[in-house]
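Under the UniProt record's numbering, the residues of the sequence shown are numbered 1 to 598, in order. Just so you know, even glycine gets a beta-carbon here, dropped at the ideal spot from N, CA and C.
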Amino acid sequence: MSDEEFDSFDDGDDDGVLEIDEDEIENRNHPRVGRDLSMAMTQKLFGNLAGGASECHVAYDESAYVAPRNRFEEILAEEDVRIVNDHDPEVAMETDLGAYEKFVVFGGNLNHEDLCRNLEKRMETDRGEIFGEFETACNRDNGLLALYMSPAKSHLGLQDTLFRAFLQIRQTQTKSFALMLRKLNILAKKSENSSDLMLAQTCVAHMRHLNRLFDSQAIFNTIFEFEWRFWNPNVRNSFIAALPEIFTEISLQQFTAIRLNQQIQETQNVPDLPSFQLQIVETLRLLRMDSLVARQIRKDLCNLCMDLDVFCLPAVIAFSLGSLLAQPTGKSDDDETLFHEMLRQLSRLLKIDTVKKRTNKADVICTEIFAHFLKFLQLEKRSWKFIISWIVKKDKRKALAMKNEDSEGPEDVRGSSEEPQETTEEPLPEEPYLSSFEAFLIFSLLSNPESCPPGFVTAVNSKILNIPLAFSPKFLKIVDLVISFKKFSTTHLAALIHVARHCFWSPDANIRQMGVSMWKQLFVGMEKKERVRVFGELMKHFSQSEIECEAVLDVFFKVIKSTNSGVILEFSGQIQVNFRGGKHDFRGKNGVFSSIYT
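Structure, rendered in structure tokens:
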């Protein structure tokens, strides 16, 4: 966990969703690196000692040592580990839990690894006495729990905590997790107590970067016994973010993904539900799973897309695309089917106009959503052909869906250790010629000519130029929606101009009139800087064929008739020059020439 993440621990802010560094997941496979990361987290949580870990002050008068207050501290004393009561403010441990005057000191050359070995050896004959006494002490007083979760001092430097010693010993690891989760379950529900919440964050930090889980299934079962969705949002989100670092085995990561997929569908009485949903999706992106489980979770998230908080949508798209990329089937037809399955769901369920109604940040959200597709296609270039077939072969999509209903999916043939999932599709309602999702996707991909293959451009041109007459009003409404997203339309203005230009070139008069309306929408709807660009591109048609010139005049006529007719005045001089210098005489066409100058 980075310093920025720890700095975000603010008990009064329930919106914190942690971005998880994938490098940290790799680091936990290396014990020394994991231990160093654990120490770094411990120091960040509790603050460093004066002078740094390499200059720990450990020389104390005998009077500074605290007499053992319980049987566990007596056992520690036998291992040369004692509690110091330090009243010197220069060496007292300052933490977010308060000013700690008591802390743990390792004597002699003892380090944390030595302590773990010594305790483990004693446990061979003590019949559970050591852990029993430790558990009793932790349950008695949160102050003792905080002390045992604070870093220890030694003349060798700062050492890890006593609690982590029990988390690293085979005989006590599962019991320690259970103890910590019980304490965490209590602490994380006390939203009014900042010190308790900070101690809860410390519990979460202790679970991360362990060298090994000896009974990972038992720990998994223990973790999911608790209803942590009801915890304080900051603590809960930190806990969810830590799950990929607690469970490193692929099988357990997959089971974790299945459980999280179930959790995200629970919404009743969940505090700060948006951050809960977002944290789950962000965590799912880091969990490894087989293609069958990935497909089911992808389908579930796409089905839920409009039930989730709108700020979850970019993460849902990122997970959905990433799950396709992580484990391709190796068969082009199968991969195309899965890709189309996802697009079909999103086209049917992801309502851009509804997103706009829910938040004034819809522009940013949609721009980010469709940016994920371009990033995906840059990594997986063969998927361009899947996009092309999706755009121009709607009949083929329906045939593939029917085939998928009547036969097993590609993953079913391979089999899976997970419970079987439904692979047949429910009958779908009739699809529109072009959904708002498809239109936004086309515009977002078409605006980057460097990475856009010619086949895609051809497919888009064919799609637009064959829009049925009855669908034209719906298409123009979609264009209006696109233009209303200022950031998106500005970013992808080249794509909008491309489509409008090709409408002008169509031999179909109905498509040309649709192009006239689209140019008018761009001219009126774009901001001033972009409007200049639109005007320049529009006037290029004025020097072309007579049909195109007429279309340009129709655009100006529509602008003049609109409620935003004033936008044309700033271009009147340029229009006059073009009219007088043009090779066609249209002064009487629709009264446009006279309308502009009167």
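1. Could you spell out where the beta strand (DSSP E) holding F106 opens and where it closes?
2. For the pair the segment 168 to 184 and the segment 202 to 217, tell me if three or more CB-CB distances fall below 8 Å.
3. Among the candidates E548, G536, Q168, whose CA atom is the shortest distance from the CA of L522?
4. Which runs of the alpha helix (DSSP H) fall wholly inside the segment 182 to 264 and span at least 4 residues, in chain order?
5. When you compare each of M539, I352, V293 to L313 by their alpha carbons, which one comes out closest?
6. Using 8 Å as the Cβ pair cut-off and three pairs as the minimum, do the segment 500 to 515 and the segment 458 to 471 touch?
7. Drop a sphere of 10 angstroms on the beta-carbon of D335, count the other beta-carbons inside from all chains shown, and report buried for 16 or more, exposed for fewer.
8. Since I believe F485 is in contact with C305 (beta carbons under 8 Å), could you give me their beta-carbon distance rounded to a whole number of angstroms?
9. Under 7 Å Cβ to Cβ from E380, same chain only, skipping five residues before and after it: list those, please.
10. Can you tell me which of the three DSSP states L400 falls into?
11. Apply the 10 Å Cβ neighbour rule to R382 and answer buried if 16 or more other Cβ atoms are within range, or exposed otherwise.
12. Where does I83 sit, in a helix, a strand or coil, going by DSSP?
13. Leaving out five residues before and five after L144 in sequence, what residues of the same chain have Cβ atoms less than 7 Å from its Cβ?
14. In the DSSP assignment, the alpha helix (DSSP H) including W390 goes from what residue to what residue?
15. Quick check: what's the CA-CA separation for T202 versus N237?
16. Closest to F224 by C-alpha separation, out of H209, N232, L243, V479, would be which residue?
17. Only counting the same chain, and skipping five residues up and downstream in sequence, which positions put a Cβ closer than 7 Å to that of T354?
18. Express the C-alpha separation of H206 and E73 in angstroms, rounding to a whole number.
19. Grab the span of the alpha helix (DSSP H) containing G525 for me, first residue to last.
20. Locate the alpha helix (DSSP H) running through H112, then write down its first and last residues.
21. Under 6 Å Cβ to Cβ from D554, same chain only, skipping five residues before and after it: list those, please.
22. Could you tell me the alpha carbon to alpha carbon distance between T337 and I264, rounded to whole angstroms?
23. Does the beta-carbon of P473 have 16 or more other beta-carbons within 10 angstroms, so that it is buried, or is it exposed?
24. Whole alpha helix (DSSP H) runs in the segment 297 to 384 with 4 or more residues, listed along the chain?
25. Secondary structure at V555, three-state DSSP: helix, strand or coil?
26. Quick one: is G108 buried, meaning 16 or more other Cβ sit within 10 Å of its Cβ, or exposed?
27. What residues in its chain sit with their C-beta under 6 Å from that of F376, if we drop five residues either side in the sequence?
28. Does DSSP put A67 in a helix, in a strand, or in coil?
29. Check A152 in the structure and name its three-state DSSP category.
30. Can you grab the Cα-Cα spacing for the pair S195 / E113, in whole Å?
31. May I ask which residues mark the beginning and end of the alpha helix (DSSP H) holding L276?
32. Return the Cβ separation of F443 and H492 in integer angstroms, given the expectation that the two are a contact with Cβ distance under 8 Å.
33. Where does K153 land, buried or exposed, given buried means 16+ other C-beta within 10 angstroms?
34. Should the segment 268 to 277 be called in touch with the segment 251 to 258, which here means at least 3 C-beta pairs below 8 Å?
35. Relative to the C-alpha of V482, which candidate in L167, S435, V66, Q544 has its C-alpha closest?
36. Please go through the segment 457 to 489 and give each complete alpha helix (DSSP H) segment of 4 or more residues, from N-terminal end onward.
Reading from the atomic positions:
1. 102 to 106
2. Result yes; three or more Cβ-Cβ pairs closer than 8 Å.
3. G536
4. The segment 182 to 264 contains these whole alpha helix (DSSP H) runs: 194 to 207, 216 to 223, 233 to 246, 250 to 263.
5. I352
6. yes
7. buried
8. Rounded, the Cβ-Cβ distance is 18 Å, inconsistent with contact.
9. L325
10. Residue placement at L400 is poorly supported in this model, since its pLDDT is 44, which falls under 50; the coordinates are not used for a value here.
11. exposed
12. strand
13. A137, C138
14. 384 to 392
15. 13 Å
16. L243
17. Taken in chain order, the residues that qualify are M306.
18. 21 Å
19. 509 to 525
20. Annotation: the continuous alpha helix (DSSP H) that includes H112 extends over 112 to 126.
21. Taken in chain order, the residues that qualify are V516.
22. 26 Å
23. exposed
24. 313 to 326, 332 to 349, 352 to 358, 362 to 379
25. helix
26. exposed
27. In chain order, L321 place their CB closer than 6 Å to the CB of F376, counting only its own chain and leaving out the 5 sequence neighbours on each side.
28. coil
29. strand
30. Approximately 29 Å between the Cα atoms of the pair.
31. Leu is not the amino acid found at residue 276; the sequence shown has Phe there. Where F276 is concerned, the enclosing alpha helix (DSSP H) stretches over 273 to 284.
32. 5 Å
33. buried
34. no
35. S435
36. Within the segment 457 to 489, the complete alpha helix (DSSP H) runs of at least 4 residues are 472 to 484.
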